[in-house]
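Peer 1: To start, I am sharing the structure in question, which I have written as structure tokens.
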Amino acid sequence: MQENFDLQAHNTFGLSVRARYFCEAASVQQCRDALQFACAADLPLLVLGGGSNVLFREDYPGVVLHMTSRGIDVINESAGTVLVRAAGGENWHGFVQHCLHTGMHGLENLALIPGCVGAAPIQNIGAYGVEVKDLITAVEVLDVTTGEIAELSREQCEFGYRDSIFKRGLRGRKIILSVTFRLQRAPLVNVSYAALAQAVSHIVDPQPQQVFDAVCAIRRSKLPDPAALGNAGSFFKNPVISRGLFEKVARDWPELPAFPAGDAPHTSVVRDSVKVPAAWLIEKAGWKGRRLGHAGVYELQPLVLVNHGGASAADITSLAEQVMGSVEQKFGIRLEPEVQWIPPRSMD
Ligand code: FAD
Ligand code: EPU
């Protein structure tokens, strides 16, 4: 347990904030020890993986528990289907690579997403036509109050677009110890996402390795590397709006793009709704490439807010709020942050 710990290397925005206490947990026992410590000192506890989807708005007044558990195990295999369990502290991209290299397919489209396996179910990570919920069969959790271990089925996780029960009813109540995935031995690929289809269009029968390579290349071409430019990926979700609102906005902006909303059973707007690209709204509101002090809107992908160096949490939140305000004013569409603000905003 380290005291007054600098979290700069533990959040991809690179913000220099401090945790009152910080510890690493490679085992269930170490998680339980940290929980006991926090409980005895009456302090809150925050689990952290790679820190790639968080915005620390101030110093953290409790215990930050960094998951470092390791292990990837095939737990069952039959008829070409493999159940593989990965520990919460495994690096996500390393896990995707491991599966590809050992002939277990399905995760290729999710290559190069920063962070850890244990965070993947939290917001149901997604990219290039695949959401991780399509591959998860179970999530093993440790209850922060009782210290008991349980397994949640895919259905119990109530996954939606960038959403799960871990962001709602179970928020802060479970430590994700491991995740089990159902993968395939057959080299099936999904190139439904337009930019990916375009990238492999010269290949007659694209193989998983080629899809993986294409996804990595697209991502490198438009998303900033946090090691070079602090960011947390898409800062906002793509808004899912009613068809009525879409048609109203499209009267003034006929070129407004729209995508199928997909299955988002736990959001308030479900049926007859469309997803519109936040990047488009932000660009049309004039923010692409703009800077406010040390914080900025990334010039190649305006859904990404960046730390140009030396930005404070207040700089990033102020920029985010101004972007949200002008998009709402211009289009009547409210952007919702994807990044987890710590502490949460009052309306979250
Ligand atoms: P952290 O940021 O450490 O934590 C995120 C949240 O999960 C926090 O609330 C934390 O308390 C909680 N948490 C983490 N681990 C656990 C655990 N074991 N148990 C309980 N709670 C836990 N996301 C996508 O979906 N698609 C993308 O394409 C994508 N691209 C990105 C690109 C870049 C350049 C960056 C910086 C981010 C991107 N992201 C993307 C966002 C981010 O990578 C994912 O959300 C990732 O899953 C976060 O993992 P993490 O380990 O860094 O989580
Ligand atoms: N667009 C613009 N201007 C731009 C860039 C994009 O108008 O400069 C519009 C275009 O209409 C484009 C659309 O936005 O067709 C979609 O752009 P892109 O394919 O780059 O994807 P995105 O919707 O911006 C989402 C995810 C990403 C994920 C990619 C690929 C969200 C919030 N973001 O971005 O996830 O990698 O699709 O699937 O859903 C993340 O969650 O952190 C993340 C990076």
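Residue numbers are given in our numbering: position 80 of the sequence shown equals residue 80, and the series is strictly consecutive. Built from N, CA and C at the ideal position, the CB exists for glycine as well. Computed from a predicted structure; not experimentally measured.
#1: Go ahead and pull the three-state DSSP assignment for G89.
#2: Opposite E155 in the DSSP bridges: which residues?
#3: Using a Cβ-Cβ cutoff of less than 6 Å, which residues in the same chain neighbour I229 once the five nearest sequence positions on both sides are dropped?
#4: Using the Cβ count rule (16 or more neighbours within 10 Å means buried), how would you classify L152?
#5: Looking at the secondary structure, which residues open and close the beta strand (DSSP E) in which G325 lies?
#6: If you draw a straight line from the C-alpha of L223 to the C-alpha of V304, how long is it?
#7: Kindly examine ligand 2 and report whether one of its heavy atoms sits closer than 8 Å to the Cβ of R185.
#8: Residue range of the alpha helix (DSSP H) that I218 falls in?
#9: Assuming contact is defined by CB atoms lying nearer than 9 Å, are V179 and G88 in contact in what I supplied?
#10: Could you compute how far the alpha carbon of R185 sits from the alpha carbon of I72?
#11: Could you check if H105 is buried or exposed, using at least 16 other CB atoms within 10 Å of its CB as the buried criterion?
#12: Tell me G296's beta-bridge partners as DSSP assigns them.
#13: Do the CB positions of I218 and Y128 come within less than 9 Å of each other?
#14: From the DSSP output, in three-state form, read off E108 for me.
#15: Give me the residue from A232, E24, A26 and A86 with the minimum Cα distance to Q364.
#16: Quick one: grab the DSSP three-state call for D225.
#17: Name the residue from R70, S16 and L55 whose alpha carbon lies nearest to the alpha carbon of A26.
#18: Compare the Cα-Cα distances from A111 to each of L35, L177, A34 and Q210 and report the closest residue.
#19: Under the assumption that Q226 contacts T12 (Cβ atoms under 8 Å), give the Cβ distance between them as a whole number of angstroms.
#20: Determine which residues share a DSSP beta bridge with P277 and list them.
#21: Could you tell me whether any non-hydrogen atom of ligand 2 is closer than 8 Å to the CB of N53?
#22: Just mark A150 as buried or exposed, buried being the case when its beta carbon has 16 or more other beta carbons within 10 Å.
#23: On the three-state DSSP scale, how would you describe F259?
#24: So, is M324 buried or exposed, given that buried needs 16 or more other C-beta atoms within 10 angstroms?
Peer 2: On the basis of the coordinates in this document:
#1: Counting from 1 along the sequence shown, the entry for residue 89 is found at position 89. In the structure shown, G89 sits in coil (DSSP, three-state: anything other than H, G, I, E or B).
#2: Translated into positions along the sequence shown, residue 155 becomes position 155. Answer by DSSP bridge pairing: none, since E155 is not bridged.
#3: The residue you call residue 229 lines up with position 229 of the sequence shown. One detail in the question is off: residue 229 reads as Leu in this sequence, not Ile. V306.
#4: Start at 1 with the first residue of the sequence shown, and residue 152 comes out as number 152. Under this definition L152 is a buried residue.
#5: Translated into positions along the sequence shown, residue 325 becomes position 325. Counting along the chain, G325 falls outside any beta strand (DSSP E), though it belongs to the alpha helix (DSSP H) covering A313 to F331.
#6: Here the question's residue 223 lines up with position 223 in the sequence shown. Here the question's residue 304 lines up with position 304 in the sequence shown. If you take the alpha carbons of L223 and V304, they lie about 8 Å apart.
#7: For the purposes of this step, residue 185 is taken as residue 185 along the sequence shown, with counting starting at 1. R185 Cβ: outside cutoff for every heavy atom of ligand 2.
#8: For this step, residue 218 is matched to residue 218 along the sequence shown. Run containing I218: P208 to K222, per the alpha helix (DSSP H) assignment.
#9: Locating residue 179 in the sequence shown gives position 179, counting from the first residue. Locating residue 88 in the sequence shown gives position 88, counting from the first residue. In contact: V179 and G88 (Cβ atoms closer than 9 Å).
#10: Taking the sequence shown and counting its residues from 1, one reaches residue 185 at position 185. Taking the sequence shown and counting its residues from 1, one reaches residue 72 at position 72. Their Cα atoms are separated by approximately 16 Å.
#11: Counting from one through the sequence shown, the residue named residue 105 turns up at place 105. Per the 10 Å Cβ criterion, buried.
#12: Your numbering for residue 296 matches position 296 in the sequence shown. G296 pairs with R291 and V306.
#13: Locating residue 218 in the sequence shown gives position 218, counting from the first residue. Locating residue 128 in the sequence shown gives position 128, counting from the first residue. Cβ distance < 9 Å, so I218 and Y128 count as in contact.
#14: Locating residue 108 in the sequence shown gives position 108, where the first residue counts as 1. E108: helix per DSSP, three-state reduction.
#15: In the structure as shown, the chain begins at 1 and stops at 348. Residue 364 is therefore absent and cannot be evaluated.
#16: Taking the first residue of the sequence shown as position 1, residue 225 is located at position 225. Of the three classes helix, strand and coil, the one that applies to D225 here is coil, per DSSP.
#17: In the sequence shown, counting from the first residue as 1, residue 26 sits at position 26. Ranking R70, S16 and L55 by Cα distance to A26 puts R70 first.
#18: Stepping through the sequence shown from its first residue, residue 111 is reached at position 111. Residue Q210 is the option with its Cα nearest to A111.
#19: By 1-based counting over the sequence shown, the position of residue 226 is 226. By 1-based counting over the sequence shown, the position of residue 12 is 12. First, the residue type needs correcting, since residue 226 is Pro and not Gln in the sequence shown. By a beta-carbon distance limit of 8 Å, P226 contacts T12. Their separation comes to about 4 Å.
#20: Sequence index remark: in the sequence shown, residue 277 carries index 277 (1-based). Beta-bridge pairing links P277 to no other residue.
#21: Working through the sequence shown from its first residue, we reach residue 53 at position 53. Yes; taking the cut-off as 8 Å, the Cβ of N53 has a heavy atom of ligand 2 nearer than that.
#22: On the sequence shown, residue 150 is found 150 positions in, with the first residue counted as 1. By the neighbour-count rule (16 or more Cβ atoms within 10 Å), A150 is not buried but exposed.
#23: Translated into positions along the sequence shown, residue 259 becomes position 259. F259: strand per DSSP, three-state reduction.
#24: For the purposes of this step, residue 324 is taken as residue 324 along the sequence shown, with counting starting at 1. Classification of M324: buried, given that the 10 Å Cβ count is 16 or more.
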